[in-house]
Amino acid sequence: MHVISNTALKLFYQKYPDAESSLRGWNKAVKSAKWQNILEVRETFNSADSVGELTVFNIQGNKYRLITFIDYQSQKVFIRNVLTHAEYDTNKWKNDPWFK
Numbered sequence: 210m211h212v213i214s215n216t217a218l219k220l221f222y223q224k225y226p227d228a229e230s231s232l233r234g235w236n237k238a239v240k241s242a243k244w245q246n247i248l249e250v251r252e253t254f255n256s257a258d259s260v261g262e263l264t265v266f267n268i269q270g271n272k273y274r275l276i277t278f279i280d281y282q283s284q285k286v287f288i289r290n291v292l293t294h295a296e297y298d299t300n301k302w303k304n305d306p307w308f309k
């Protein structure tokens, strides 16, 4: 899979340094994956959730949430948002135009 854009991850762990190791681990695992559907995503990340058209990953347990759009056909993972659990709980991320 090709991750677009790693910049969002870097910006997040610059603000929350304790997330760096977990986000780097997620990124490494995703780059080596060749997922075709959410079931295959869950083989790698069992806590991944499909929410509308987006896929949400728990990062560092449940402390952070990584919201993505996965285009299985093109093998691309688009990072839509990286949030603290509290930010995620506000549901403002559901205003993303990719959320359907």
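Numbering (the working numbering), first residue to last: 210 to 309. Ideal Cβ placement from N, Cα and C applies to all residues, glycine included.
From the DSSP output, in three-state form, read off residue i for me.
i: lysine 272; result: coil
i: lysine 285; result: strand
i: serine 256; result: coil
Classify residue i as buried or exposed, calling it buried when 16 or more other Cβ atoms lie within 10 Å of its own Cβ.
i: threonine 299; result: exposed
i: alanine 217; result: buried
Where residue i and residue j are concerned, what is the direct C-alpha to C-alpha distance, given to the nearest angstrom?
i: alanine 238; j: glutamate 262; result: 21 Å
i: threonine 293; j: asparagine 215; result: 18 Å
i: glutamine 284; j: valine 212; result: 9 Å
i: tyrosine 281; j: threonine 264; result: 12 Å
So the candidates are the options; which of them puts its Cα closest to the Cα of residue i?
i: phenylalanine 278; options: Asn290, Ile268 and Tyr297; result: Asn290
i: asparagine 236; options: Phe266, Glu249 and Asn246; result: Phe266
Taking 8 Å as the cut-off, does the region 264 to 279 touch the region 211 to 228 (at least 3 CB pairs, one atom from each stretch)? Because the criterion of three Cβ pairs below 8 Å is met, the region 211 to 228 and the region 264 to 279 touch.
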